[in-house]
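> I am attaching a structure below and will ask some questions about it afterwards.
Residue numbers (this note's numbering): 907 to 1028.
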């Protein structure tokens, strides 16, 4: 009987560790999503500013500032916006999947804890 209790405790500990690991992964995804949303907002603002810009256009490339054409800058911003949106969609899908797995794991953990508590009483 003590082997069964010990086995259940080990399984429970393992499942709790997995749950905590998934929570940390979800937290990292949320941070990435927030960073991408900020980048998307900055890119949209840059596109808006560029629409109203007249005269020479410059862009930042690392520690350099380079002269470019309005068309080139618009193209680069459009591509950047599309890439950010693709990444955001991928992260949102991953987040949804992870939330489902976390919910299932949480339900499983609650069930295991009930069983473990009942076995401990015996």
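All C-beta atoms, glycine included, are put in the ideal place defined by N, C-alpha and C.
Because the structure is a prediction, the values reported are computed rather than measured.
Rounded to whole angstroms, what is the Cα-Cα separation between residue 907 and residue 917?
Residue placement at residue 907 is flagged as unreliable, the pLDDT there being 39, under the threshold of 50; the coordinate-derived value follows with that caveat. Cα to Cα, residue 907 sits roughly 16 Å from residue 917.
> When you compare the CB positions of residue 993 and residue 942, do they come within less than 7 Å of one another, or not?
Contact flag set, yes.
> Exposed or buried, what is residue 1006 when buried is set at 16 or more other beta-carbons lying within 10 Å of its beta-carbon?
With fewer than 16 other Cβ atoms within 10 Å, it is exposed.
> Note down the Cα distance separating residue 935 from residue 967, rounded to an integer number of angstroms.
So the two alpha carbons sit approximately 27 Å from each other.
> Give me the DSSP bridge partner(s) of residue 974.
For residue 974, which the question treats as bridged, DSSP gives the partners 963.
> Could you round the C-beta distance between residue 1008 and residue 929 to whole angstroms and report it? I think they count as a contact, below 8 Å.
About 7 Å separates the two Cβ atoms, so the contact holds.
> Roughly how many angstroms lie between the CA atoms of residue 932 and residue 986, to the nearest whole one?
Going from the Cα of residue 932 to the Cα of residue 986 covers about 25 Å.
> Identify which residue in 1018, 954, 963 and 1019 has its Cα closest to the Cα of residue 973.
Nearest option by C-alpha distance: 963.
> Report the residue from 969, 979 and 939 whose alpha carbon sits nearest the alpha carbon of residue 953.
Measuring from the Cα of residue 953, the nearest candidate turns out to be 979.
> Residue 1017 to residue 925, Cα distance in whole Å?
C-alpha separation (whole angstroms): 14 Å.
> Can you tell me whether residue 983 is buried or exposed? The criterion is at least 16 other CB atoms within 10 Å of its CB, across all chains shown.
With 16 or more other Cβ atoms within 10 Å, it is buried.
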